[in-house]
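Data first, discussion second: the structure below is written as structure tokens.
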Amino acid sequence: MGIIDYGAGNLHSVAGALKQLGVSFVVSGDREELDSADALILPGVGAFPAAMEKLGSLGLVDFIRASAERKPLLGICLGMQLLLSMSHEFSDTEGLGLLPGEVARLSAADCDSRFKIPHMGWDLISPDMSDPLMKGLGSSAYVYFVHSFKAVPDDESDISAFCRYGEPIASVIHRGNVWGTQFHPEKSGERGMKILKNFCSMV
1 MGIIDYGAGN LHSVAGALKQ LGVSFVVSGD REELDSADAL ILPGVGAFPA AMEKLGSLGL
61 VDFIRASAER KPLLGICLGM QLLLSMSHEF SDTEGLGLLP GEVARLSAAD CDSRFKIPHM
121 GWDLISPDMS DPLMKGLGSS AYVYFVHSFK AVPDDESDIS AFCRYGEPIA SVIHRGNVWG
181 TQFHPEKSGE RGMKILKNFC SMV
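Structure (structure tokens):
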């Protein structure tokens, strides 16, 4: 397993979760090291434009795009948002384009005054049990979120789980070899560990 290191936040918590699962992994921003991994995890906490700039400076944008054609890739939180075509955070910024869609700010009007932005804390998702990443979760699961922006896939069939935070929010997306979780599985207790275990079992 390769954890892509581009200076974006939750590397150590993801690494700690994989260690707990007994999964061998490398944490690296080097393409040759990452290319030897059977699957990749793209973590992330922070701003979309800065993250894409950093991935570009490391020569990882085209590498990730090519890797996703032949091996499983999991984006977590900001890492999930980077999988999409475009973000409107601060300015219009092109993403990895592995899953058609855009990233938009959570709408205070849609969420209404009962729901604070950022969306932070434990919330309930409704998984699509046909997705192998969701195997064994049951019809619902509580997971941990911290985000102010949401993924909006062009094709709703790319959404494997959603939560309701005033409005429906895509919580897991999937197309081909590519998965993304808006929540942090590494911080989501037993259910989150199950999701990571499911991903690791795909290789």
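Position 193 (the sequence shown) corresponds to 193 in the working numbering; numbering is contiguous. We put the beta carbon where it would ideally sit given N, CA and C, even for glycine.
TODO: Quick one: give me the first and last residue of the beta strand (DSSP E) that Met86 is part of.
DONE: 84 to 87
Open item on the list: Suppose you measure from the CA of Ile3 to the CA of Asp123; what does that come to, to the nearest Å?
Closed with: 26 Å
- [ ] Have a look at Asp38, Lys194, Lys19 and flag the residue whose alpha-carbon is nearest the alpha-carbon of Ala68.
- [x] Asp38
Task: N-terminal and C-terminal residue of the beta strand (DSSP E) that Leu124 is part of - done: 119 to 127
Open item on the list: Looking at Cys163: is its Cβ nearer than 8 Å to the Cβ of Ser157?
Closed with: no
Task: Length of the line joining the Cα atoms of Pro100 and Gln81 - done: 11 Å
Open item on the list: What I want to know is whether the C-beta of Leu42 ends up closer than 7 Å to one or more non-hydrogen atoms of the ligand GTP.
Closed with: Questions concerning the ligand GTP fall outside what the structure shown contains, since it holds no ligand whatsoever.
- [ ] Use the C-beta contact count for Arg65: other C-beta atoms within 10 angstroms, 16 or more gives buried, fewer gives exposed.
- [x] exposed
TODO: State the start and end residues of the unbroken alpha helix (DSSP H) segment that holds Lys197.
DONE: 189 to 200
Task: Run of the beta strand (DSSP E) containing Gly75, from where it starts to where it stops - done: 73 to 76
- [ ] Go ahead and pull the three-state DSSP assignment for Gly56.
- [x] helix
TODO: List the endpoints of the continuous alpha helix (DSSP H) containing Phe25.
DONE: Unbroken run through Phe25: none, as it is neither H nor E.
Task: Cross-strand partners of Tyr165 (DSSP beta bridge) - done: Glu167
Task: Closest by C-alpha distance to Cys200, when choosing among His12, Lys19, Ser13, Leu11 - done: Lys19
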